[in-house]
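Engineer: Here the sequence shown stands for residues -17 to 209, numbered as in our numbering. Quick reminder that beta carbons are idealized off the backbone N, C-alpha and C, glycines included.
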Amino acid sequence: MSTGTGTLPPDEVRVMFDRITPVYDAMNRVMTVGLDQRWRRLTARAVVRPGERVLDACCGTGDLAVAAEQAGGRVTGLDFSRGMLERAKRKSSTVEWVEGNLTALPFEDESFDAATVGFGIRNVPDLESGLRELARVLRPGGRLACLEITRPRGLLRPFFGIWFDQVVPLVGRLLPGGAAYTYLPASVRRFPGPADLGAAFGRAGLRDVSWQLLAGGIVALHVGTKG
-17 MSTGTGTLPP DEVRVMFDRI TPVYDAMNRV MTVGLDQRWR RLTARAVVRP GERVLDACCG
43 TGDLAVAAEQ AGGRVTGLDF SRGMLERAKR KSSTVEWVEG NLTALPFEDE SFDAATVGFG
103 IRNVPDLESG LRELARVLRP GGRLACLEIT RPRGLLRPFF GIWFDQVVPL VGRLLPGGAA
163 YTYLPASVRR FPGPADLGAA FGRAGLRDVS WQLLAGGIVA LHVGTKG
C-alpha cells in the first residue's frame, strides 16, 4: 500500500494528516478555488437544525464543525489526528473536540440528531463500517450529510484530470507532508462514485438517500435519514 494507490494503513493516514496540518486550510482553498467553505455551509444547512446535537466526524481542522455550529447545532467534532484537532480548537472554544476513530465512535447509540462528514469518509479504511457507525449514533429520524470529492464525467473531466492529478501533487511536493497530495487524487480514483456511495448509505440503514453534484460534478453531497 502507498500514497500512489490511494490506500494507506490508518496509522500512516494519521501521521500524514498530522504533517500537513500547517498547510491544510490553505491547500483546501487553493484546490477548490475558495469554494470549499461554501460547500461546507451547504452541507451543514442540509441536516443541522437549531438546538440539535450534531457530530462532525473526520472533522480535520474544524471548518465543517464550525459551519454546523453557526447553523445552530450543539456540535461535537471528532478526528483521529491530534494535529488537526489542535488547529480546530483555535476556531471554536464551544465545539466539543474529541480524539477518536470513525470506525469505533466513542458515543452511545442514538446520541446525535445529525451527523456530517466533509472530505473525510474517503480516508476511512472500511467505508461500510464507518457508515454503520454513523448510523448507530444517530437517533431514529436523524440525518447524515457527507460531502466528498468525486470525479466529473462531463466537460470538466479533462480539466479535473490536469488540475487534480498533476498540478495538485506538484504543488504538494513543495509543502510539508507533500506525499499527501499524491495520496489525495489516488484516493479519489479508488473511491465509489455517487451512485455506489448512495447504495452504501442504504446498506448502512439510511433511507431517503439523495445526492447533488456541485461545481460541475467535482464534489458530491449525499444526505440520508436513519430509518
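Give every residue of the same chain whose Cβ lies closer than 7 Å to the Cβ of residue 183, excluding the five residues on either side of it in the sequence, and list them in chain order.
Structural biologist: Here the set comprises 113, 191, 204 and 206.
Engineer: Alpha carbon to alpha carbon, how far is residue -3 from residue 107? Give it in angstroms, no decimals.
Structural biologist: Taking the straight line joining both Cα atoms gives about 15 Å.
Engineer: Do the segment 76 to 96 and the segment 58 to 67 make contact, defined as three or more Cβ pairs closer than 8 Å?
Structural biologist: Result yes; three or more Cβ-Cβ pairs closer than 8 Å.
Engineer: Quick one: grab the DSSP three-state call for residue 200.
Structural biologist: Residue state, collapsed to three classes: coil.
Engineer: What are the start and end residues of the alpha helix (DSSP H) that includes residue 3?
Structural biologist: Its alpha helix (DSSP H) spans residues -8 to 13.
Engineer: Which class does residue 183 belong to by DSSP, given the choice of helix, strand or coil?
Structural biologist: Looking at residue 183 - three-state DSSP - the assignment turns out to be helix.
Engineer: From residue -17 to residue 166, what distance separates their C-alpha atoms?
Structural biologist: Residue placement at residue -17 is flagged as unreliable, the pLDDT there being 41, under the threshold of 50; a coordinate-derived value is accordingly withheld.
Engineer: Assign residue 58 to one of three DSSP states: helix, strand, or coil.
Structural biologist: Correct three-state label for residue 58: strand.
Engineer: Quick one: is residue 125 buried, meaning 16 or more other Cβ sit within 10 Å of its Cβ, or exposed?
Structural biologist: Answer is buried; the Cβ neighbour count reaches 16.
Engineer: Three or more C-beta pairs closer than 8 Å, one from the segment 30 to 41 and one from the segment -2 to 14: is that the case here?
Structural biologist: The segment 30 to 41 vs the segment -2 to 14: no contact.
Engineer: For the beta strand (DSSP E) containing residue 130, list its first residue and its last residue.
Structural biologist: 120 to 131 is the span of the beta strand (DSSP E), which, as asked, contains residue 130.
Engineer: Buried or exposed for residue 75, please, with buried defined as at least 16 other CB atoms from any protein chain shown within 10 angstroms of its CB.
Structural biologist: The residue is exposed, with fewer than 16 neighbouring Cβ atoms inside 10 Å.
Engineer: Which full runs of the alpha helix (DSSP H) of 4+ residues lie inside the segment 43 to 92, going along the chain?
Structural biologist: Runs of the alpha helix (DSSP H) inside the segment 43 to 92: 45 to 52 and 64 to 71.
Engineer: Using the rule of at least 16 other Cβ atoms within 10 Å of the residue's Cβ for burial, across every protein chain shown, is residue 86 buried or exposed?
Structural biologist: Residue 86 should be labelled exposed.
Engineer: Output the boundary residues of the beta strand (DSSP E) element that contains residue 37.
Structural biologist: That run of the beta strand (DSSP E) goes 35 to 39.
Engineer: Report all residues from its chain with a CB closer than 8 Å to the CB of residue 188; omit the five preceding and five following residues, and keep chain order.
Structural biologist: For residue 188, where only same-chain residues beyond five positions count, the Cβ hits under 8 Å are 113, 117, 126, 206, 207, 208 and 209.
Engineer: From which residue to which residue does the beta strand (DSSP E) around residue 18 run?
Structural biologist: Element bounds for residue 18: not the beta strand (DSSP E) but the alpha helix (DSSP H), 18 to 29.
Engineer: Please report the Cβ distance between residue 195 and residue 25, rounded to the nearest whole angstrom; I am assuming they are in contact, meaning their Cβ atoms lie under 8 Å.
Structural biologist: Not confirmed; about 14 Å, so no contact.
Engineer: Consult DSSP for residue 112 and reduce its assignment to one of helix, strand or coil.
Structural biologist: DSSP places residue 112 in helix when its eight states are reduced to three.
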